[in-house]
Every structure is written in C-alpha cells, then in structure tokens.
Amino acid sequence: MKEFTLEELKQFDGREGRSAYVAYKGMVYDMTESSMWVDGDHEGMHAAGADLTVDHDDAPHDEHVLDFPEVGKLV
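As structure tokens, then:
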C-alpha cells in the first residue's frame with residue numbers, strides 16, 4: 003500500500019482534474035467519485051488533500067461516509 007506524507011497528500015486536492023484524497027485515522031481515501039466532494043471541496047467545510055481525522059470526529063455523520071477506496075497510509 004502506498005505511503006503518503008502530508009506534503010504528498012496535499013497534491014491530491016481535487017482541483018483542476020486532480021484526484022481528491024483525504025486521510026482519516028492514518029488511512030488515505032479516494033473521494034474523487036463522491037458527489038459530496040466537488041472540485042476538492044466538501045460542502046464548504048473541508049478541502050481534499052488534508053488529514054480530516056479531527057474534523058471528522060466533530061462531523062454530524064459516522065465513519066460509513068468513508069466507504070470509498072483506500073489508496074494508502076498516512077505516514
């Protein structure tokens with residue numbers, strides 16, 4: 003499984019045709035195909051290319067929203 007640093011993860015910001023990846027609890031997920039992530043933005047609250055562990059813990063939904071492909075690990 004590919005390993006991503008935070009700097010590498012930032013490159014997957016979902017803008018200008020790039021894939022939209024987010025990290026959560028050490029895993030990196032590909033949110034590119036999610037209708038909830040448009041141009042790397044999730045409802046004006048979160049941006050792709052980031053570790054959302056702390057933000058997600060405060061979100062009004064549970065972990066099932068991360069049922070998208072795991073593409074790597076955050077190191």
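Going by the numbering used here, the residue at position 18 of the sequence shown is 20; the numbering climbs one at a time, nothing skipped. Glycine residues also receive a C-beta, built at the ideal position from the N, C-alpha and C atoms.
Assign residue 42 to one of two classes, buried (16 or more other C-beta atoms within 10 Å of its C-beta) or exposed (fewer than that). Looking at its Cβ environment, which holds 16 or more other Cβ atoms inside 10 Å, residue 42 is buried.
Reduced DSSP category for residue 54 - H, G, I as helix; E, B as strand; rest coil: Residue state, collapsed to three classes: coil.
Which residues DSSP lists as bridging residue 69, in chain order: In DSSP, residue 69 forms no bridge with anything.
Output the distance between the C-alpha atoms of residue 7 and residue 76, rounded to the nearest integer angstrom. Roughly 6 Å between the two C-alpha positions.
Short of 8 Å in beta carbon distance, which residues of its chain neighbour residue 31, apart from the five on each side in sequence? Order them along the chain. Same-chain partners within the cutoff: 23, 24, 25, 68, 70, 71, 72 and 73.
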